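What follows is a short report on a single structure.
Residue numbers (our numbering): 4 to 167.
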C-alpha cells in the first residue's frame, strides 16, 4: 500500500468523525509512515480539504469536514511532541523541532528521530515531517550550530512565531 492510501486510511479512521477524532493516534501513525515514505507535508487546500505532499509522490488532496480545526490540532500535537520529547525552536504556534523515536521505529530509522517544521496561526496552518535518516543524507539540513537549517521550502507565509 502506498503512502497516499495509508494516510487516507488513517484520516478515515482517526479524523473523519467530527465527534470522535483522534489526532494523537493519527500523528503517531503518520510518523511511522514518514519513517517508511520520507518527507510528508500537510497544508490547507480550500475550506474543507487538506493537501498532502509525500516525498517522490504526486501531491494530493483529501476532503475532510472541519479541516482547518483538525489541521490546527495536528500541528499542536506535533509541537507538543517536540516540546515533551525533544526540543522546539519556536512556540506552539510555529517553529521547528525534533521528535525522538521509540522502540517501534528503531529498526526503520537511523538516527531515530523526526525533524518537524510547523505553522499553526489563525491565518496559516501547515506542517512538514522529515525522518531523521533522510535529514543527515541531505545537504544543508543541519547548520553549523547543529540547528535545523531552513532548507525545507514551506509556503512563503509560514510563520515561526505566534500572531494570534
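Think of the CB as a built atom: it goes at the ideal place given N, C-alpha and C, for glycine as much as any other residue.
Bear in mind that the values here come from a model prediction, so they are computed numbers and not experimental data.
Quick check: the Cα distance between residue i and residue j, rounded to an integer number of angstroms?
i: residue 3; j: residue 86; result: Given that the chain is displayed from residue 4 to residue 167, the structure contains no residue 3 and the question cannot be resolved.
i: residue 47; j: residue 97; result: 16 Å
i: residue 100; j: residue 134; result: 12 Å
i: residue 9; j: residue 35; result: 11 Å
i: residue 88; j: residue 130; result: 18 Å
i: residue 91; j: residue 38; result: 20 Å
i: residue 21; j: residue 52; result: 14 Å
i: residue 125; j: residue 65; result: 21 Å
i: residue 67; j: residue 7; result: 15 Å
i: residue 122; j: residue 94; result: 9 Å
i: residue 55; j: residue 132; result: 11 Å
i: residue 118; j: residue 102; result: 6 Å
On the criterion of 16 or more Cβ atoms from any shown chain inside 10 Å, does residue i qualify as buried, or is it exposed?
i: residue 61; result: exposed
i: residue 128; result: buried
i: residue 15; result: exposed
Per DSSP, which residues does residue i bridge with? Please list them.
i: residue 29; result: Answer by DSSP bridge pairing: none, since residue 29 is not bridged.
i: residue 44; result: 56, 131
i: residue 116; result: 103
Leaving aside the five residues before and after residue i along the sequence, list all residues of the same chain whose C-beta is less than 7 Å from its C-beta, in chain order.
i: residue 24; result: 17, 18, 73
i: residue 11; result: 65
For residue i, which residues from the same chain have a beta carbon less than 8 Å from its beta carbon, with the 5 sequence-adjacent residues on both sides left out?
i: residue 30; result: 77, 80, 81, 84
Note down, in chain order, each residue of its chain lying with its Cβ closer than 6 Å to the Cβ of residue i, except the 5 sequence neighbours on either side.
i: residue 32; result: 13
i: residue 5; result: none
i: residue 57; result: 6, 40, 43
i: residue 26; result: 76, 77, 80
Evaluate the contact criterion for the stretch 65 to 72 versus the stretch 37 to 44: three or more CB pairs, one atom per stretch, below 8 Å.
no
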